[in-house]
């Protein structure tokens, strides 16, 4: 019999451990699936949001929401919900038994529960607020680290390592203080919960003790009722502990769904046109202002025929890049009409429209990986032969073949192992392989030396062949062969024409690209100012 009891106890122990393991395993699987699905959905949604969203937020903030905030939600899944149900069931079951045995003791035990609710209302908002501040501070820290790591060459060139370390330490201290304060609030709430439960137990002891002295209650009943009360307060404490875990998760949910609930500013039409475009682009009285109200373009009009090269010139901030963004539909115009091949640009499928465009920027971005992968990014199904042909046209094949592993050479984040000219030629190959109908070159050669620019310009000439091309540049060598030049000033079109036409006209273009004429005009303006000053009787003070 003894051995049977030992075996039974051992079997119960093993079964308990097995059930505990299975429960923990299922909770981990469930939590992992929730995190996986939520991160996938958030990432997909982030890619659907418009460019304006990313220009108003740091990458660190977005990463923090995707990683930290989603992780905090795991606590709601991995045990918290089940623990809440178990604790609630235990409290209700004990309350029923306590009420059955003594209504008076039940009422005394319940008398302290309003104090728990007061504690909840007092601490809930404070802990939620500090949890939000903690998440915001972590976003700032992520953003700072991301920013500095991305600009490490600049930091080192300015001997800014210690300065950046001090700046990060300041933010880490602030995060530490916020978390310490939040932890203290939780500890105070937990201790207060224990004290309230203790007061309730003392009150029950006094009531029951008085009943025992008056012979209204036996010692056995006294002990039983005290046990019930102790068992009642334990799940209440567990529930409050669960609430403390839920509050940061609630903040995480709010921060995640704050992004999930955002709608893209540029929306795609389900029935959008997917037809092949010829490349005629027309702006008709187009105006554009950012969401915060800054007016960038006012009544801009021009026409680009299929295969034409159109250059945009003008002072910084005149709206050149904004026009390129509107052509690519990174933004939608505020007023006016933008058409491609006579059809409103918003009637095209975004995917189809951008598949027929290529953009080469001044700041070329290359992914960490091989040159082959970076060129193929423009056309994922491209063969090795197509990639090599695109590289030849981009004047990149020769230098790629000199690398240790050729096209399979790893180039590091953003092509750090390549020169500026080499990176630009890889970007041109990536643009070429798409065979675009519309090409946008945004200061594509402005940061290059003369030798690199010559090779890139040669590659660009091949890239622009038989394509509608929009060039944003300051160098005369880049724009003078354009079919049409649009001169912009403060968001308005000042002049339109070829280089030969504009250089012979008085105006902003000649001022920008004819230094002798600009100098002459400045001297004339100065003379006129002096003449007006003399007429007004103004004399310069003696020196």
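Residue numbers (our numbering): 1248 to 1790.
Yeah, the Cβ is synthetic: ideal placement off N, Cα and C, and Gly gets one too.
As the structure is a computational prediction, the values presented were derived from the model and not from experiment.
| Query | Result |
| --- | --- |
| Best match in 1617, 1380 and 1386 for proximity to residue 1428 [C-alpha to C-alpha] | 1380 |
| Residue closest to residue 1515, alpha-carbon to alpha-carbon, out of 1555, 1540, 1496 and 1595 | 1595 |
| Straight-line gap, residue 1261 to residue 1488 (C-alpha atoms, nearest Å) | 29 angstroms |
| Run of the alpha helix (DSSP H) containing residue 1660, from where it starts to where it stops | Residue 1660 -> no alpha helix (DSSP H), and no H or E assigned at all. |
| Residue 1790 classed as buried or exposed, judged by whether at least 16 other C-beta atoms fall within 10 angstroms | Because the pLDDT of residue 1790 is 46, which lies under 50, any placement of that residue in the model is unreliable, and the number read from its coordinates should be weighed accordingly. Exposed, because fewer than 16 other Cβ atoms sit within 10 Å of the Cβ of residue 1790. |
| Those runs of the alpha helix (DSSP H) which lie wholly inside the segment 1325 to 1391 and span at least 4 residues | 1328 to 1348 and 1350 to 1357 |
| 9 angstroms Cβ cutoff met for residue 1577 and residue 1550 | no |
| Touching by the beta-carbon criterion (3+ pairs, under 8 angstroms), the segment 1410 to 1418 and the segment 1430 to 1448 | no |
| Beta-carbon proximity list for residue 1731, same chain, < 6 angstroms, skipping 5 on both sides | 1557 |
| DSSP state of residue 1624 mapped onto helix, strand, coil | coil |
| CB contact flag (residue 1739, residue 1680, <9 angstroms) | no |
| C-alpha gap between residue 1641 and residue 1673, whole angstroms | 7 angstroms |
| First and last residue of the uninterrupted alpha helix (DSSP H) at residue 1720 | It is not in any alpha helix (DSSP H) - residue 1720 carries neither H nor E in the DSSP assignment. |
| Alpha carbon of residue 1360 to alpha carbon of residue 1393, nearest angstrom | 48 angstroms |
| Bridge partners - residue 1595, DSSP secondary structure assignment | 1520 |
| Top-ranked residue by Cα proximity to residue 1518, from 1597, 1441 and 1676 | 1597 |
| Supposed close pair residue 1734, residue 1756 - CB separation, criterion 8 angstroms | 5 angstroms |
| Proximity winner among 1337, 1406, 1383 and 1590, relative to residue 1307 (alpha-carbon distances) | 1383 |
| Contiguous alpha helix (DSSP H) assignments of at least 4 residues, all confined to the segment 1388 to 1413 | 1399 to 1404 |
| Own chain, CB closer than 7 angstroms to residue 1569, minus 5 neighbours either side, in chain order | 1535, 1543 and 1544 |
| The alpha helix (DSSP H) enclosing residue 1545, as first and last residue numbers | Unbroken run through residue 1545 is the beta strand (DSSP E), 1542 to 1551; no alpha helix (DSSP H). |
| Beta-carbon proximity check, residue 1385 vs residue 1305, cutoff 9 angstroms | no |
| Proximity below 9 angstroms, CB of residue 1475 to CB of residue 1341 | yes |
| Span of the beta strand (DSSP E) around residue 1307 | Segment 1306 to 1311 is the alpha helix (DSSP H) holding residue 1307; no beta strand (DSSP E) there. |
| Assigned secondary structure, residue 1559 (DSSP; H/G/I helix, E/B strand, else coil) | strand |
| Alpha carbon of residue 1357 to alpha carbon of residue 1287, nearest angstrom | 46 angstroms |
| Same chain, Cβ closer than 8 angstroms to residue 1620, five either side skipped, listed in chain order | 1614 |
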